[in-house]
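Okay, structure first, notes after.
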Amino acid sequence: VNWFEKAGVPLKTESDGRIFPVSDNSKSVTQALVREAERFGVIVITNARVVDIRELGNGANAGQYRFEIDVIVGKRKVLYRCERVLMSPGASRIGYSWAERLGHQISSPVPSLFTFKVHDSRLEGLAGVSVSDTKVQIVEKGSGKSSAKSKRRRTEGLVQRGITLITHWGFSGPAILRLSAFGARVLHENGYRMELVIDWRPKSTITETFEELKLLRMRYETKSLLTFCPLTSRAETRGEEDPILPRRLWRALVISAVNSMESGKNSEL
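Quick look at the structure:
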């Protein structure tokens with residue numbers, strides 16, 4: 001962040017933790033990178049393909065350089081020598097083989113940054129509904145708890161907080177995408193068959209929510225529980241109380257939880 005500020009690109013942090021340039025224009029970032037590269041004498045070669053990387057020995061021919069890189073530029077093969085190599089192979093298998101040949105250990109890549117496909121009847125008809133503040137967590141199927149492997153690897157990555165969006169096939173949104181990134185290897189190891197736990201009201205504990213519901217049951221005992229969400233939060237922009245859940249989502253959750261209620265009144269909650 002400080003580097004970009006010094007490079008003339010002020011940044012802002014969104015409520016879900018994502019960082020963007022204040023200009024909301026990606027060119028601000030690319031132009032800053034180009035300016036700094038030119039300032040430090042970085043030479044950018046385009047339309048070129050790296051075909052091999054070798055580590056030089058300690059012989060007289062090596063001199064101050066440690067690596068040789070064969071590059072195809074146009075129709076010509078060009079040899080470069082350098083002290084350091086920074087590799088960014090992406091999904092290139094040949095890039096992995098070069099890195100291994102240079103002494104690095106490669107972990108098998110797994111998919112990351114994907115939406116979740118969830119089969120749940122409660123989601124029917126809710127596509128497009130989003131909640132701005134949720135806590136999402138992946139756990140082993142049927143366990144209700146994070147796996148021991150998950151905890152050892154990086155437990156905090158298996159719990160994320162932010163916007164969650166309900167889609168036609170399951171869930172998406174910033175919180176879900178971050179969860180898929182930090183939990184990518186755990187999800188892969190479990191064959192992408194895990195349980196998703198969503199806290200729709202992460203600012204309050206379960207006990208606090210239950211106590212509030214008890215009070216609301218008495219306050220709204222004659223109203224239908226299906227028509228509105230009694231749990232609210234103060235809207236910062238207007239200073240008013242807003243329901244924490246959209247009406248459609250609240251209704252679906254109520255129906256699934258209290259489908260035996262005859263009248264659907266709060267007094268029966």
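In terms of the UniProt record's numbering, the sequence shown is residues 1 to 269.
Just so it is clear, CB atoms sit at the ideal spot from N, CA and C, and this is done for glycine as well.
Neighbour-count burial assignment, residue i, 16 or more Cβ in a 10 Å radius
i: A175; result: buried
i: S180; result: buried
i: L158; result: buried
i: R76; result: exposed
i: W169; result: exposed
i: W3; result: exposed
i: I106; result: exposed
i: R178; result: buried
i: S256; result: exposed
i: I94; result: exposed
i: V139; result: buried
i: S92; result: exposed
CB contact check: residue i to chain D, cutoff 8 Å
i: E55; result: Of the chains in the structure shown, none is chain D; there is only one protein chain.
Alpha-carbon spacing of residue i relative to residue j, whole angstroms
i: K12; j: D52; result: 41 Å
i: L225; j: P109; result: 48 Å
i: S147; j: G183; result: Caution is warranted here: a pLDDT of 49 is assigned to S147, below 50, making its placement in the model unreliable, and no coordinate value can be reported.
i: Y96; j: F67; result: 17 Å
i: G8; j: V44; result: 21 Å
i: Q160; j: L56; result: 45 Å
i: V73; j: P21; result: 34 Å
i: R81; j: I69; result: 6 Å
i: V85; j: Y65; result: 11 Å
i: V34; j: P111; result: 30 Å
i: S121; j: E211; result: 28 Å
i: G173; j: G125; result: 18 Å
i: R193; j: R18; result: 28 Å
i: K214; j: I206; result: 12 Å
i: R247; j: E5; result: 42 Å
i: Q31; j: A48; result: 22 Å
i: T46; j: W98; result: 21 Å
i: I244; j: E208; result: 15 Å
i: G103; j: K141; result: 38 Å
i: N25; j: P10; result: 11 Å
Run of the alpha helix (DSSP H) containing residue i, from where it starts to where it stops
i: F40; result: First-last for F40: undefined, no H or E at that position.
i: S180; result: 174-182
i: I163; result: First-last for I163: 159-166, but that is the beta strand (DSSP E), not the alpha helix (DSSP H).
i: V1; result: Counting along the chain, V1 falls outside any alpha helix (DSSP H), and DSSP gives it neither H nor E.
i: L249; result: 247-257
Endpoints, the beta strand (DSSP E) within which residue i is located
i: A48; result: 48-55
i: T22; result: According to the sequence as given, residue 22 is Val; it is not Thr. Where V22 is concerned, there is no enclosing beta strand (DSSP E), given that its DSSP letter is neither H nor E.
For the pair the segment 181-188 and the segment 34-44, tell me if three or more CB-CB distances fall below 8 Å. no
Taking only runs that begin and end inside the segment 90-129, name each unbroken alpha helix (DSSP H) of 4 or more residues, in chain order. 93-101
So, do the segment 103-122 and the segment 155-173 have three or more beta carbon pairs nearer to each other than 8 Å? yes
Does the segment 215-224 touch the segment 250-259, meaning 3 or more C-beta pairs lie closer than 8 Å? Touching, no, given that fewer than three Cβ pairs across the two stretches are closer than 8 Å.
Any contact between the segment 201-208 and the segment 129-137? By contact I mean 3 or more CB pairs, one from each, below 8 Å. Counting Cβ pairs under 8 Å, three or more are found: they touch.
Could you tell me which uninterrupted alpha helix (DSSP H) segments, each at least 4 residues in length, are contained entirely in the segment 185-241, listed from first to last along the chain? Taken in chain order, the unbroken stretches of alpha helix (DSSP H) that lie wholly in the segment 185-241 and span 4 residues or more are 206-219.
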